[in-house]
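Under this note's numbering, think of the first position of the sequence shown as 2, with each following residue one higher.
Glycine is no exception: its CB is placed at the ideal position from the N, C-alpha and C atoms.
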Amino acid sequence: MSKSVLLIGGTGTLSSAVLQCALDEGYDLTIMNRGTNNSKIPRNVKIVIGNFYNLNELNEKFENKKYDVIVDFLSRIPSDIERTYGLFKDKCKQYIFISSACVYKRDKNDFPIKENSPKPNELWSYNKEKYQCEKRLMELSVGTKSYYTIVRPYITYNDERIPLGISPSYKYHKTIIERVKSGKPWFVWDDGKAITTLTYAEDFAVGIVGLFLNDKAKNNDFHITSDFRYTQREVVELLFKKLGMPLKIISVSCHDLCKGLPEFKQMLIGDRALDAVFDNSKIKNAVPQLNFSVSLDKGLDKIIDFWTKSSALYDYQFEGRLDALLSKYDNQIKYIKYPNALNNSYLLYLMYRYLPIKVANKLRKWI
Numbered sequence: 002m003s004k005s006v007l008l009i010g011g012t013g014t015l016s017s018a019v020l021q022c023a024l025d026e027g028y029d030l031t032i033m034n035r036g037t038n039n040s041k042i043p044r045n046v047k048i049v050i051g052n053f054y055n056l057n058e059l060n061e062k063f064e065n066k067k068y069d070v071i072v073d074f075l076s077r078i079p080s081d082i083e084r085t086y087g088l089f090k091d092k093c094k095q096y097i098f099i100s101s102a103c104v105y106k107r108d109k110n111d112f113p114i115k116e117n118s119p120k121p122n123e124l125w126s127y128n129k130e131k132y133q134c135e136k137r138l139m140e141l142s143v144g145t146k147s148y149y150t151i152v153r154p155y156i157t158y159n160d161e162r163i164p165l166g167i168s169p170s171y172k173y174h175k176t177i178i179e180r181v182k183s184g185k186p187w188f189v190w191d192d193g194k195a196i197t198t199l200t201y202a203e204d205f206a207v208g209i210v211g212l213f214l215n216d217k218a219k220n221n222d223f224h225i226t227s228d229f230r231y232t233q234r235e236v237v238e239l240l241f242k243k244l245g246m247p248l249k250i251i252s253v254s255c256h257d258l259c260k261g262l263p264e265f266k267q268m269l270i271g272d273r274a275l276d277a278v279f280d281n282s283k284i285k286n287a288v289p290q291l292n293f294s295v296s297l298d299k300g301l302d303k304i305i306d307f308w309t310k311s312s313a314l315y316d317y318q319f320e321g322r323l324d325a326l327l328s329k330y331d332n333q334i335k336y337i338k339y340p341n342a343l344n345n346s347y348l349l350y351l352m353y354r355y356l357p358i359k360v361a362n363k364l365r366k367w368i
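What follows is the structure, encoded as structure tokens:
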């Protein structure tokens with residue numbers, strides 16, 4: 002009889018890759034989510050539609066249900082762990098919490114980072130919240146029938162996501178490709194010297210599925226972050242090369258970037274502007290079959306192929322705001338209509354390039 006697995010989530014960058022890998026390994030899969038993005042879920046996967054934040058609803062949906070493994074992709078703050086683990090602690094053998102490798106402090110003298118390296122990185126609220134979740138999970142697990150496993154991914158990507166750190170939301174990444182192909186510049190911060198580690202989602206999935214019911218995973222923690230490291234500039238340079246375009250890269254100071262795109266400030270200062278170099282020996286020891294096989298060179302080929310075949314979705318809100326920022330370095334940047342862009346793209350672009358964002362957001366309702 003196959004082992005049963007519940008994925009809390011199931012359609013994100015990581016969870017969809019884990020779902021497919023687990024199916025390939027013969028697990029009996031169930032996912033629980035809001036049901037808004039399940040059209041591509043394989044028919045042999047059971048789906049439970051539920052509100053992650055409503056404990057009464059979850060209790061009703063999962064009454065008398067038990068699983069061998071539960072993987073929690075959604076918990077962000079300690080109260081999430083208290084709610085979900087409180088419900089599922091006696092309904093599974095293993096509870097896997099997807100935390101983040103952003104929790105490590107990332108001091109230079111700690112590189113390469115190991116699982117016992119200092120935590121947390123207090124420069125970003127996300128880092129602190131994920132670490133608080135880890136600690137709360139360990140406290141709650143004492144005396145329960147299940148055991149926990151903490152997994153920390155770093156920057157991950159798949160065929161739809163270009164791993165640039167600061168970019169439009171994932172479903173709009175064709176914007177980046179057409180921008181580069183049209184001859185417009187992209188950017189790096191502080192000369193692009195920060196070292197990043199990038200993990201293709203399917204490689205990550207092999208690692209985490211290999212931890213299912215693995216004795217080495219009992220009440221243990223692992224990061225799964227790949228062996229592929231690049232400077233931020235190298236990532237952008239390779240994208241231009243893959244698209245056959247001459248380099249057109251603007252180096253923006255962190256100060257200007259935070260001022261122009263303030264919603265990215267904490268993420269930039271608390272993560273993307275810091276080096277990220279990890280030691281993956283612990284996960285490789287626990288999961289010997291794990292082989293990080295997809296380099297950025299291969300990954301970008303997959304991404305470009307995907308978006309070449311996909312319908313256009315462009316984020317002209319981000320385009321306008323980015324060009325407003327980069328125009329301080331290059332005053333020749335202007336609007337370009339990308340293939341099959343909507344008719345309102347020019348108006349959106351003008352609003353977000355030249356108006357305060359609060360004003361642009363109000364006006365957008367009328368377009």
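| query | result |
| --- | --- |
| Helix, strand or coil for ARG44 per DSSP? | coil |
| Excluding the five sequence neighbours on either side, which residues of its own chain have a C-beta within less than 6 Å of the C-beta of TYR201, listed in chain order? | VAL295 and GLY300 |
| Considering Cα atoms alone, identify which of PHE229, LYS219, GLY144 and LEU240 is closest to VAL189. | LEU240 |
| Please go through the same chain and pick out, in chain order, the residues whose beta-carbon is closer than 6 Å to the beta-carbon of LYS4, but skip the five residues on each side of it. | TYR28 and ASP69 |
| Name the DSSP beta bridge partners of TRP187, please? | ILE250 |
| Under three-state DSSP, which class holds VAL236? | helix |
| Whether or not the stretch 321 to 339 and the stretch 285 to 295 are in contact is what I'm after, with contact meaning three or more pairs of Cβ atoms, one per stretch, closer than 8 Å; do they touch? | no |
| Considering only residues of the stretch 141 to 192, which uninterrupted beta strand (DSSP E) runs meet the minimum length of 3 residues and lie entirely inside it, listed in chain order? | 148 to 154, 156 to 158 and 187 to 190 |
| For THR197, write down the residues that DSSP places opposite it in a beta bridge. | TYR231 |
| Would you please state the rounded distance, in angstroms, between the beta carbons of THR226 and ASN281? I believe it to be under 8 Å. | 6 Å |
| What does the alpha-carbon distance come out to for the pair ASN34 and VAL104? | 26 Å |
| For the beta strand (DSSP E) that contains ASP69, what are its first and last residues? | 68 to 73 |
| Considering just the uninterrupted stretch of the alpha helix (DSSP H) at SER346, what are its terminal residues? | 346 to 355 |
| Quick check: LYS283 and PHE205, are their CB atoms within less than 9 Å of each other? | no |
| On the CB-based measure, 16 or more other CB atoms within 10 Å of its CB, does SER346 come out buried or exposed? | buried |
| Distance, Cα to Cα, THR232 vs GLY193? | 6 Å |
| Spatial neighbours of LEU88 within its chain, please: C-beta separation below 6 Å, excluding the five flanking residues on both sides. | LEU59 |
| Relative to the C-alpha of LYS219, which residue among THR145, VAL236 and TRP125 is closest? | THR145 |
| Suppose you measure from the CA of SER101 to the CA of SER252; what does that come to, to the nearest Å? | 28 Å |
| Terminal residues of the continuous beta strand (DSSP E) containing TYR86? | Careful: TYR86 lies outside any beta strand (DSSP E), inside the alpha helix (DSSP H) at 79 to 89. |
| Within 10 angstroms of the Cβ of ILE50, are there 16 or more other Cβ atoms? Answer buried if so, exposed if not. | exposed |
| With a threshold of 8 Å, are at least 3 pairs of Cβ atoms found where one atom belongs to the stretch 120 to 137 and the other to the stretch 77 to 92? | yes |
| According to DSSP, is GLN95 helix, strand or coil? | strand |
| Please identify the residue among GLY36, CYS93 and THR37 whose C-alpha is closest to the C-alpha of PHE63. | CYS93 |
| Cα-Cα, which of LYS303, LEU56, VAL72 and SER40 is closest to ASN159? | LYS303 |
| Going by beta-carbon coordinates alone, are THR197 and ARG273 separated by less than 9 Å? | yes |
| With C-beta atoms as the reference, is LEU141 less than 9 Å away from VAL72? | no |
| Quick check on the DSSP output: the alpha helix (DSSP H) that includes ILE372 runs from which residue to which? | Because the chain here runs from 2 to 368, residue 372 falls outside it and cannot be looked at. |
| May I ask you to report which of helix, strand or coil DSSP gives VAL49? | strand |
| Excluding the 5 residues flanking GLU238 on each side, which residues of the same chain have their C-beta closer than 8 Å to its C-beta? | LEU248 and ILE250 |
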